[in-house]
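Going by full-length UniProt numbering, the sequence shown opens with residue 1, and the numbers climb by one from there. Backbone N, C-alpha and C fix where the C-beta goes; we use that ideal spot for every residue, glycine too.
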Amino acid sequence: MGSFRNAAWRARDFFRRDAVLAIACVLAAASCVAVPPDAGYADYIDWRTIGLLFSLMVATSGLARAGVLARACRALVRACKSGGVLIAALAGLTFFVSMVVTNDVALVAFVPLALAALREAGLVRRLAFAIACMTVAANVGSMLTPIGNPQNIYLLSVSGMSAVELVGIMAPYSAAAFVLLAAAIGIAELRDRKRFKHIPSQMAGVNPKAPQESFALRDVLPWIALFVMCLLCVARIAPVWLVVVAAIALALAFDMRALRHVDYALLFTFVAFFVFVGNVARIEVVREAVAALVYGRALLVGVVASQIISNVPAAILVSGFTTDWPALLVGVNIGGLGTLIASMASLISYKQLAVAYPELKTCYFRLFTGLNCAFLAALLLLAAAIA
């Protein structure tokens, strides 16, 4: 009885510490009952994604420990005159960069910058809204280009459509979302103006007349080189194994603590979801149900499936039952909005905020869900109008 009680307490603590990882593990374990482990499990996990995320975390951790993010956030705070401008700058940067380095890479790189910049500016109360906006920006910006996210890369390959066609299909949705995002930030700034007039030029604990702290170039170059290697991996020029080896070697040579700051819980969350999705795709009754549902409803099924299993596996699953590629492309891209797991990239920003400010998790989840559902509804209306 005592051992059972202790196990229950440990399980409760596990859920409290990392609810997303805990849920992912439960789903993966439950799916293993329906599909017992076999050799097919080896094909479930996208090790390229795991390796790339690991390497990016090492690179950004190294840059942060070298002082790059601290200097960058101070420069950004000094350049922005209000909370709204600062949040808009962060969201805009994420929106455009995600088009060329993918949504997850953009969030791994810029969420730590946002956390540091808003903390230095005394805007911790607006962190949840800012990170939610950046997450939306990453998802709606990345949908525009063939290399912006994994589902676009996959669908471009299996559909036979050209890159120009893909951009043409997604341009109205990405543009509309950009306008909506700017409006949301503007409205939030107006509502906050009574309580917050402008960002003070002097940050807490810093004398604005004091000379800027410097860092040695030799401390930064290894992490810049690793970041460039990650970008080459995104472009499929450098193999992921080489990037992972470089990340570990550079950390061991220059700063072992960069390895300690990797969010291993997030990596295990991805692995658990890969197992769950892989097993679900092998359950015959599920496949038959999908075949019946998809016919003539590729866009809607893509959206709904994305809310449950995320948009990348949804794209893979639904693509086996339709040739309406434009509809599926739109469905899984706008379907990345909505629930927290609709896009696995959204887990990145949630995890980073939760680790830095665990007291903001509930507030962030509410803001994230409300903002994402509003954007999803608006883009669904746009899809209906275009159709």
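If you draw a straight line from the alpha carbon of residue i to that of residue j, how long is it in whole angstroms?
| i | j | result |
| --- | --- | --- |
| E165 | N103 | 20 Å |
| I175 | F95 | Per the sequence shown, residue 175 should be read as Ala rather than Ile. So the alpha carbons of these two residues sit roughly 11 Å apart. |
| L360 | V111 | 15 Å |
| A253 | A64 | 17 Å |
| G335 | L217 | 43 Å |
| T323 | L221 | 47 Å |
| V330 | E120 | 39 Å |
| L371 | A163 | 29 Å |
| S31 | L337 | 25 Å |
| A291 | G320 | 8 Å |
| A315 | F276 | 15 Å |
| V318 | I87 | 36 Å |
Out of the options, point me to the one whose CA is closest to residue i's CA.
| i | options | result |
| --- | --- | --- |
| M170 | L144, G160, G83 | L144 |
| residue 400 | R48, I50, G186 | Since the first residue shown for the chain is 1 and the last is 387, residue 400 is missing from the structure and cannot be characterised. |
| S310 | C230, V240, T269, L123 | T269 |
| L107 | A137, A354, A315 | A137 |
| G84 | R126, L113, P239 | R126 |
| V97 | V140, I50, L381, T339 | V140 |
| G40 | M344, N152, A292, I283 | I283 |
| I50 | V105, L86, G67 | V105 |
| D327 | V303, I341, T362, I308 | Here the sequence assigns Ala to residue 327, which means Asp is not the residue at that position. The candidate whose alpha carbon is nearest that of A327 is V303. |
By Cβ distance, which residues of its chain are closer than 6 Å to residue i, with the 5 residues on each side in sequence left out?
| i | result |
| --- | --- |
| F368 | A132 |
| G278 | Y44 |
| A374 | none |
| L115 | A356 |
| N152 | P146 |
Short of 8 Å in beta carbon distance, which residues of its chain neighbour residue i, apart from the five on each side in sequence? Order them along the chain.
| i | result |
| --- | --- |
| F54 | V244, A247, V262, L267 |
| G62 | P222, W223, L226, L250, A251, F254, D255, A258 |
| residue 394 | Any answer about residue 394 is impossible in this case: the structure gives the chain only from 1 up to 387. |
| L380 | V303, I334 |
With DSSP collapsed to three states, give me the class of residue i.
| i | result |
| --- | --- |
| C373 | helix |
| P36 | coil |
| L337 | coil |
| N149 | coil |
| R366 | helix |
| F276 | helix |
| S174 | helix |
| S343 | coil |
| A378 | helix |
| S162 | coil |
| V262 | coil |
| I45 | coil |
| S310 | coil |
| I237 | coil |
| I283 | coil |
| M229 | helix |
| M256 | coil |
Please work out which residues of its chain come closer than 7 Å, Cβ to Cβ, to residue i, disregarding the five sequence neighbours upstream and downstream, and give them in chain order.
| i | result |
| --- | --- |
| N149 | T102, N103, S142, M143 |
| I386 | P172 |
| S349 | L107, V111, I131, M134, T135 |
| M57 | V108, V262, D263 |
| Y154 | A315, I316 |
| L180 | F375, A378 |
*Considering only residues of the stretch 64 to 144, which uninterrupted alpha helix (DSSP H) runs meet the minimum length of 4 residues and lie entirely inside it, listed in chain order?*
68 to 79, 83 to 101, 103 to 120, 127 to 142
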